[in-house]
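Report on the structure given below.
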Ligand code: NIG
Ligand code: FE
């Protein structure tokens, strides 16, 4: 099957030479081709260039993109979209003055979601989660990472990971799975955190490795959750089972988690609402991608990751949604790109680089998605008629995407 997209007003994020990720000043550069064509063959990008250079082709399908732009589908490297029920009650509690931490200390928060998930069958969990997966695909996400971490028992954690595996099998979106058993200490281990961590390593990790249920291991390194020592323990154990670290860190406090993440070669360190100069230093000269989650800052009214400071210091940055029932009940990458520009002072070029190629790197998918490069998956966003790509974040809250193509096929769930 050959599809030719012709008369594309601007083809965005064109990388002829493959790149792993973009950092610092280079983030301001977004390579594009004006008046372009793009050829897709059997789900992969096979050729592109200017319309003048477009060869004589006999495609099976032609899409005339006059006035419209094409860019790679969004890469959302941090989500928790497999969950049961919702937490609107806590949302109202916060409006009425309780903090996220106070709600968690009362047994709400992650433990509230864990209780709901433990009581939900695998089939029902799949049905609830697939609605969110279809929703983010329609919003333009072409690759996503999904975490466990609302199970907190052997059975419930494995149930989550099996649902992720089934979603991956049934949908064209690329999915990576992360084991986040160390998301919170469950009530039955309240006074035995070490016992809980040991259980994760001894009883769950071997099954994950045997059934290939996860690519990554994660932990919530934060005061009141897990310490730097706990983090080192879990990352070291994960490595033994072939799980690469990607961690939750510096959401409320900087306690040395960034350093331990880099030490264990974490693929990414995520949240980073609080960043010290030392955290920045540690990230320099590492291959660890810092990931900002602006929707979480927006929804919880906590500081935004200091993106400007980080990029000006030469660091890379990826943007992800953190879609979850507690801190971010939304998986809209368009809103991420807009919020990065509006609240974090990132330029549209920086935000688009962060939401595509850098997001792909933060999922180990930089050779498959995240840029317009020959041989990569044809995961594409076709915009409506727009004047410039800056209009995408500028017109925040309104989607400028007309169609989403995953593996070369237009998606349509309606
Ligand atoms: O990434 N901070 C830790 N975990 C999730 C939220 C968990 C929840 O409130 O359910 C996050 O924000
Ligand atoms: Fe998260």
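In our numbering, the protein residues as written are 11 to 424. Backbone N, C-alpha and C define an ideal beta-carbon position, used for all residues, glycine too.
At a cut-off of 7 Å, is residue i close to the ligand NIG when judged by its beta-carbon and the heavy atoms of the ligand?
i, result
"residue 231", "no"
"residue 335", "yes"
"residue 338", "yes"
"residue 491", "Since the displayed the chain opens at 11 and closes at 424, residue 491 lies outside it and no answer follows."
"residue 123", "yes"
"residue 261", "yes"
"residue 351", "no"
"residue 85", "no"
"residue 64", "no"
Just checking my contact of residue i with residue j at CB under 8 Å: how many whole Å lie between their CB atoms?
i, j, result
"residue 19", "residue 79", "5 Å"
"residue 241", "residue 283", "At roughly 18 Å, the Cβ-Cβ gap does not stay under 8 Å, so residue 241 and residue 283 are not in contact."
"residue 86", "residue 39", "23 Å between Cβ atoms; not a contact."
"residue 230", "residue 192", "7 Å"
"residue 446", "residue 246", "Nothing in the structure corresponds to residue 446, since the chain is present only between 11 and 424."
"residue 277", "residue 255", "7 Å"
"residue 431", "residue 93", "The question about residue 431 has no answer here: the residues shown for the chain are numbered 11 through 424."
"residue 182", "residue 14", "So it is not a contact: roughly 20 Å between Cβ atoms."
"residue 341", "residue 333", "4 Å"
"residue 142", "residue 123", "Going by Cβ atoms, the distance from residue 142 to residue 123 rounds to 14 Å, so no, they are not a contact pair."
"residue 348", "residue 301", "Not really, about 17 Å apart at Cβ, beyond 8 Å."
"residue 352", "residue 22", "Contact flag wrong, Cβ pair sits at about 20 Å."
"residue 150", "residue 184", "That belief does not hold up - the Cβ atoms of residue 150 and residue 184 are roughly 14 Å apart, past 8 Å."
"residue 317", "residue 354", "4 Å"
"residue 238", "residue 257", "Between residue 257 and residue 238 the Cβ distance is about 11 Å, and since that is not below 8 Å, they are no contact."
"residue 326", "residue 33", "4 Å"
Among all the DSSP beta bridges, which residues are the ones paired with residue i?
i, result
"residue 231", "236 and 259"
"residue 157", "188"
"residue 203", "BP columns for residue 203 are empty, so no partner."
"residue 82", "390"
"residue 47", "59"
"residue 415", "390 and 420"
"residue 128", "DSSP lists no partner for residue 128."
"residue 20", "44 and 79"
"residue 12", "51"
"residue 278", "256 and 299"
"residue 334", "338"
"residue 328", "301"
"residue 382", "24"
"residue 163", "Looking at the DSSP assignment, residue 163 forms no beta bridge with any residue, so it has no partner."
"residue 74", "16"
"residue 89", "156"
"residue 315", "In the DSSP output, where bridge partners are listed per residue, residue 315 has none listed."
"residue 226", "188 and 254"
Is residue i near the ligand FE, with its Cβ less than 7 Å from a heavy atom?
i, result
"residue 74", "no"
"residue 332", "yes"
Any 3 or more C-beta pairs closer than 8 Å across the stretch 62–81 and the stretch 281–295: no
Contact the stretch 375–394 vs the stretch 53–70: 3+ CB pairs below 8 Å: yes
Touching by the beta-carbon criterion (3+ pairs, under 8 Å), the stretch 155–173 and the stretch 129–139: yes
Contact between the stretch 64–76 and the stretch 98–115 (3+ Cβ pairs under 8 Å): no
contact_flag[the stretch 367–375, the stretch 25–37] where n(CB pairs < 8 Å) is 3 or more: yes
At least 3 beta-carbon pairs within less than 8 Å: the stretch 98–108 vs the stretch 406–414: no
Segment contact flag, the stretch 259–270 with the stretch 207–223, C-beta cutoff 8 Å, min 3 pairs: no
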